[in-house]
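Residue numbers (the working numbering), protein chains in the order written: chain A, 1 to 312; chain B, 313 to 883.
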Amino acid sequence: MWEAFLGRPMARRHFLRLSSGAALALAAGAPLLKPVRADAAAFPELAVVTGSAAAATRAAVEMLGGMSAFVKKGDKVVIKPNMSFARGIESATNTSPEVVRELVLLCRAVGASKVRVLDHPLRPNDLCVKDIRDACGPISNDMVYALEEESFYREVRVPGAKTLRKTDVMKDVLEADVLIAAPVAKSHGSTGVSLSLKGMMGLVYDRGVMHYLHDLSTAVVDLASLLKPKLVVVDGSRVLTTKGPGGPGKVVRYDTIIASRDMVAADAQAVAMFEWYGRRMEPRQVKHIRLAHERGLGRMDLEALTIGKKRV
Amino acid sequence: MTRRRFPRIGRALIQGVSLALFLVLLALSPGALMEHVRPDLFLRMDPLVLLGSLAGGNATLTLLLPGLMVILLTLVLGRFFCSTLCPLGTTIDLTDRLFRRLRKRLKGRVPGRARAWKYLVLSFAAGSVLAGSSLFLMVSPVSLATRFYGLVLYPVLASGLNLGAGLVRQAGDLLGIGAFAYLSVPVPKYSLAWATLGLVVPILALGLVVPRFWCRCLCPGGALFALLSLGRSLKREVSGACTDCSACRRACPMGAVGQDPRDASTAECIVCRKCAQSCPREAVTFRLRKPLAPFGGSGTGRNNPPGEPGVQGRGGGFFRSTCPDGPSGFSKGRRTLVLSGVFGAGGAAVGFALPGSSSAGSAAGPPIRPPGALPETDFLAGCVRCGACMRACPTNTLQPSSLTGGLARFFSPVVVPRTGPCEPGCTRCGRACPTGAIRELPAHEKVWAKIGTALIVRHLCLAWDKDKECLVCDEVCPFGAIDLRRAEGVKVSVPFVDASRCNGCGFCEYYCPVAGPSAVIVEPKGALRMAEGSYIRAGRAAGLRFEVEGPSRAPGEVSLPEGSLPPGFEE
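Here is the structure:
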C-alpha cells in the first residue's frame with residue numbers, strides 16, 4: 001500500500017537512528033521494532049562496492065542485510081531506474097541494465113509477487129527503455145514500461161510540502177509495497193547532480209510544474225518526502241560527470257555501486273566520491289541534498305555514517 | 313437466380329474490402345508496419361492526386377503507378393473505380409442507403425445540366441494546378457475521404473477505443489493478466505475539422521436529393537474518369553428481350569439510363585451493373601468489345617434502335633444523355649465545354665492570385681514544413697491537402713495550416729511543436745505523402761533535413777527571466793543543440809541554442825514547462841528545402857552538425873572557467 005512511502009516508515013527509521021545512538025535506548029526500543037529493523041542496525045548505513053555492475057549490486061544489497069530485509073514474500077515492487085534517454089549504455093544517461101536486472105532477480109528470489117521497472121521517459125518512444133527491457137526480457141516481458149499517458153497516474157497530496165502541495169504519481173507506485181530507487185550517477189545542469197532524490201521526478205506526470213511554479217530543489221525535496229524508496233542503489237559503474245542529464249558528456253568509469261536505506265546518504269556519498277566537471281564537490285553544495293538533510297529526510301554528514309566498503 | 317445475385321455480391325464485396333483496406337491503412341499509418349507497406353495506395357489511385365504528383369515535380373514511377381494503372385483500366389472498363397475502389401463512393405453508397413426512405417419522400421430532382429458541374433469543378437481544380445497551387449485538388453474524392461476518415465472520424469474512434477482499453481486494463485488487473493497492464497490507444501487531435509466536415513457533410517447530405525449526387529454532378533475525379541471512359545471496351549448491351557419496363561433505369565444509382573432503357577450514358581455509367589441485375593428479362597449484359605473507334609462507339613449497346621447514332625457522336629456528344637430533356641445535346645455539350653475552359657482559366661487566375669504560389673512569390677515566408685518537404689513553390693504545387701501526412705505523424709505535430717496562413721497554404725501540413733515534437737528517427741510523413749511533396753527519405757538522411765531553428769524567448773524563460781533552475785530544453789534536445797552556461801546577471805545557468813546543431817525538431821518547444829506560449833520556439837529559419845540531392849551533403853556544406861543518439865558523438869568539453877562552479881552546484 002502506498003502509505004508505506006508516506007511519513008510512517010521514515011519516522012520509524014528516524015526512531016531507529018536515534019536509538020542506535022545510545023545502547024540503552026536501543027535496548028529499550030528493540031522490543032517495539034520488527035526483527036528486520038532491529039537487524040538493520042547491525043548493517044552499515046552505506047554500502048560502497050566496487051566491481052562489475054551485477055556482482056557489485058548483489059554484494060551491496062547483501063551488505064545491507066540482503067533483499068529479504070526490504071522485500072517480503074508476495075510484495076509488489078517498483079524499481080525506478082533512469083531510462084529517459086535513447087542513448088547507449090556507454091553514454092551513462094540511463095541506469096546500467098545489469099544493475100536493474102540484478103535487482104529484479106534479487107526481488108524475485110525473495111518472493112516478490114510482481115516487479116515492475118518504471119519510468120516516465122522524455123522521448124516518446126521505446127528506444128529509451130530498450131536496453132533495460134532487453135536485459136529483463138528473459139525474466140518477464142511484463143515488467144519494463146515507460147509510462148507517458150496521464151491515465152496511468154493519480155493525483156495525491158504531498159503532506160508537509162513547502163511548495164509542491166500535490167502531484168500525479170504513477171498508480172503502480174502508489175499501489176506497490178516496496179519502491180527501489182536505482183538511479184545512474186550523473187551531473188545535472190540545474191540541480192548539480194541527478195541521483196535518487198532528483199530521480200523521483202520520473203515517477204510523476206507533470207514535471208514541468210516543478211520547474212515552473214516552484215523552486216526546483218525545494219520541489220524535489222517535497223517529492224522525496226512523499227516517495228521514499230526502501231532501498232537506494234546508485235549506479236556508479238560509469239558516471240556522466242559533465243553535461244548531464246542528457247549528455248553527451250565526460251563519462252568516467254568508477255565500477256562502483258552505492259546502496260543505502262537513506263536516499264540522502266546515498267546521494268551524498270555519490271556526490272563526494274565522484275568527480276563533477278573535473279572537481280571534487282561536497283554534498284552540501286547540492287541544494288536539494290542540503291535541503292533534504294535539513295528537513296530530516298536523511299543524512300548527508302557522511303563522516304558520521306557507518307560505511308561498509310568492499311571489492312568484488 | 314444465382315446468375316443474377318452473384319455479381320452483385322461480388323461488387324459489394326470488392327467495395328467493402330476496398331473501404332476496409334483503405335481504413336486499415338489509414339488507421340495504421342503512424343505504425344511501424346508502414347516500413348513494409350505503403351499507406352497511401354488509395355490516394356495514389358486517384359487521378360487528381362496523380363495530377364498533383366506531376367505538378368509537384370517529384371513524382372517517381374512507383375508513386376505514379378497505381379494512378380496510371382487505374383487510368384489504363386478506365387480506358388477499357390470505364391468508371392469502375394467509382395463503383396468499386398473509391399472510398400468516398402462507397403461511403404456515399406452507404407449513406408444513400410440510409411437516406412432511401414427520406415429521399416423517396418422528398419422526391420428531389422436534379423436538372424440535367426447539373427451533371428456538367430463536375431467538369432467545371434475539374435477544370436477549375438486543374439486550372440489552379442497549372443497556376444501552381446494544388447489547393448483545389450483537396451476536393452478530389454480520395455483526398456476528401458482521407459481527411460474525413462483520418463482527421464475527423466479516426467480521433468473519435470480512437471478515444472472510444474481508448475475507453476475500451478481502460479476496461480480491458482481493469483479486467484486484466486482483476487484476472488491477473490499482466491499483458492494488458494498498460495494497454496492504451498493514442499488519441500490524435502487535428503485542427504480545422506470544420507473545413508473537412510463543411511465539405512463532406514453536404515456531399516453526403518446531397519444523397520437526399522438523388523443517389524450519388526456527388527458522383528453524378530460534382531466529383532472532379534468522376535469527371536476525369538467520365539472523359540477517359542468514352543471509348544471504353546466494356547459495352548452495355550441490351551438484347552431484343554427488353555420490354556421497356558424501365559426497371560434498369562430505376563435501379564441505376566447514377567441515373568445514367570435514359571428514357572429509352574437501351575440508351576445509357578457511358579460518361580455517367582459506373583459499370584456497377586445494377587441495371588443488368590435488375591432486368592427481369594436478363595436483357596442487359598456487359599461485354600468486352602473492341603472499341604469501334606478511338607472515341608466512338610460507346611454509350612448504348614449495339615441493339616440501339618437505328619436512327620440514334622448521334623448518341624456516340626464525337627466531341628461533346630457524350631453530354632447528350634446528361635440532359636436528355638434538352639432539345640439539342642450537341643450545343644449544350646459544347647457550351648459546357650466552353651464554360652469549363654473559362655472556369656479553368658478562372659481557376660488559374662485564382663491560383664495566380666493566391667499569395668505564396670509560384671508566380672505571386674511569397675510575401676510571408678513559408679511556415680515550418682515537415683522534414684523533406686520540397687521547396688515551397690513545388691511543395692504547394694504538389695500538396696493535394698489530403699492530410700495523409702498528418703494522420704501518419706505519430707507525435708501529432710503535423711497540423712493543417714489555417715486560413716490565417718494564407719489561402720494558398722490552406723490545409724497544407726505545418727509542424728506545430730507545441731502539439732508534439734518531430735521525432736528524429738521517424739520518416740512516416742514522407743512515406744505517407746502520395747504525391748512526393750514530402751520526400752520519402754531514409755532515416756539517416758531525414759535526421760539532416762533541418763526544418764527550422766529554435767529561439768529562446770528570454771523574457772519568458774524561467775532561467776533567463778526568473779532565475780529558476782530549469783533545463784528542460786537542454787534535457788530533451790535530441791541533438792545536444794542547447795547549452796547551459798552561466799551568464800552575467802543571472803543566478804542560474806541559462807540555455808543557449810547552437811543553430812548549427814539545431815534541427816528544428818521542437819522537442820524544446822513541446823516540453824518547455826512555461827504555461828501558455830513556450831519560452832523556446834522553433835522558427836522556419838534555416839530549413840533545408842531541396843527538390844533533390846542529399847540532405848547530409850547539403851547540411852555538411854552549410855556547416856550543420858547533426859549527430860543523434862549515438863555513442864559516436866564526442867563528449868562535450870569540460871572546460872570550466874577558473875573559479876566557477878559546475879552548473880547547478882552552490883558555493
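Just so it is clear, CB atoms sit at the ideal spot from N, CA and C, and this is done for glycine as well.
- Task: Within its chain, find whatever has a CB closer than 7 angstroms to the CB of B:A761; leave out the 5 residues flanking it on each side and keep chain order.
- Result: P683, G684, L753, L840, Y847
- Message: Could you tell me the alpha carbon to alpha carbon distance between B:L385 and B:K602, rounded to whole angstroms?
- Response: 14 angstroms
- Query: Considering B:T407, what are the terminal residues of the alpha helix (DSSP H) in which it resides?
  - Reply: 399-418
- Message: Using a Cβ-Cβ distance cut-off of 9 angstroms, determine whether B:E883 contacts chain A.
- Response: yes
- Query: Mind listing which residues of the stretch 832-853 of chain B have their C-beta closer than 9 angstroms to chain A's C-betas, in chain order?
  - Reply: none
- Message: Against chain B, with Cβ distances strictly below 9 angstroms, would A:Q269 count as a contact?
- Response: no
- Task: Could you pull the start and end residues of the beta strand (DSSP E) that B:F808 belongs to?
- Result: 806-809
- Message: Please report the distance separating the alpha-carbon of A:M10 from that of A:L227.
- Response: Unreliable placement is indicated for A:M10, whose pLDDT of 46 sits below 50; no coordinate value is reported for it.
- Please list the partners that A:H188 has in chain B, where partner means a Cβ-to-Cβ separation under 7 angstroms. G880
- Task: Tell me whether A:D255 sits in a helix, a strand or coil according to DSSP, three-state version.
- Result: strand
- DSSP on A:Y153, reduced to helix/strand/coil? strand
- Distance between B:R730 and B:P514 (C-alpha atoms, nearest Å): 33 angstroms
- Query: Where B:R459 and B:A339 are concerned, what is the direct C-alpha to C-alpha distance, given to the nearest angstrom?
  - Reply: 12 angstroms
- Report yes or no: is there a C-beta of chain A within less than 9 angstroms of the C-beta of B:Y823? yes
- Task: Return no unless some Cβ of chain A is closer than 9 angstroms to the Cβ of B:L504.
- Result: no
- Task: Would you please verify whether the beta carbon of A:A38 is less than 9 angstroms from any beta carbon of chain B?
- Result: With a pLDDT of 43 at A:A38, under the threshold of 50, the modelled position of this residue cannot be trusted; read the value that follows with caution. Not an interface residue.
- Message: Can you check whether the C-beta of A:A313 is within less than 9 angstroms of a C-beta belonging to chain B?
- Response: Since the displayed chain A opens at 1 and closes at 312, residue 313 of chain A lies outside it and no answer follows.
- Item | As assigned by DSSP and simplified to three states, the class of A:F274 | coil
- Item | Rounded distance between the beta-carbons of A:M300 and A:R311, thought under 8 angstroms | Contact flag wrong, Cβ pair sits at about 25 angstroms.
- Query: Starting from B:Y847 and walking both ways along the alpha helix (DSSP H), at which residues does that stretch end?
  - Reply: 847-853
- Message: Within a Cβ cutoff of 6 angstroms, which residues of the same chain sit near A:A161, ignoring the five residues on either side of it in sequence?
- Response: D222
- Message: What does DSSP give as the partner residue(s) for A:M170 in the beta ladder?
- Response: A:Y153
- Within the 9 angstroms Cβ cut-off, does B:S805 reach chain A? yes
- Within the stretch 583-607 of chain B, ranges of the beta strand (DSSP E) (whole runs, at least 3 residues): 596-600
- Query: Any chance the stretch 463-478 of chain B sits against the stretch 361-373 of chain B, with 3 or more Cβ pairs inside 8 angstroms?
  - Reply: no
- Message: If I measure Cβ to Cβ from B:A493 and keep anything under 8 angstroms in the same chain, skipping five residues before and after, which residues do I get?
- Response: R481, G484, D485
- Query: Cα separation between A:T95 and A:P183?
  - Reply: 6 angstroms
- What does B:C785 reach in chain A if we use C-beta pairs closer than 8 angstroms? Neighbours of B:C785 on chain A: none; closest Cβ ~10 angstroms, over 8 angstroms.
- On the premise that B:S330 lies in contact with B:T402, defined as a C-beta separation below 8 angstroms, what is that separation, rounded to the nearest angstrom? 7 angstroms
- Selection from B:T396, B:I383, B:L376 that minimises the alpha carbon distance to B:A324: B:T396
- For B:L518, I'd like the list of residues in its chain whose CB is within less than 7 angstroms of its CB, leaving aside the five on either flank, ordered along the chain. F525, W526
- Are any of the Cβ atoms in chain A nearer than 9 angstroms to that of B:E800? no
- What's the C-alpha gap between A:A23 and A:R261? Note on A:A23: pLDDT 44, under 50, position unreliable in the model; the coordinate value appears next. Spanning the two alpha carbons is a distance of roughly 21 angstroms.
- Considering A:H288, what are the terminal residues of the beta strand (DSSP E) in which it resides? No beta strand (DSSP E) contains A:H288, which is instead part of the alpha helix (DSSP H) from 287-294.
- From A:E149, A:E275, A:V233, A:G246, pick the residue whose C-alpha is nearest to that of A:V169; which is it? A:E149
- B:Q711: first and last residue of the uninterrupted beta strand (DSSP E) it sits in: 710-712
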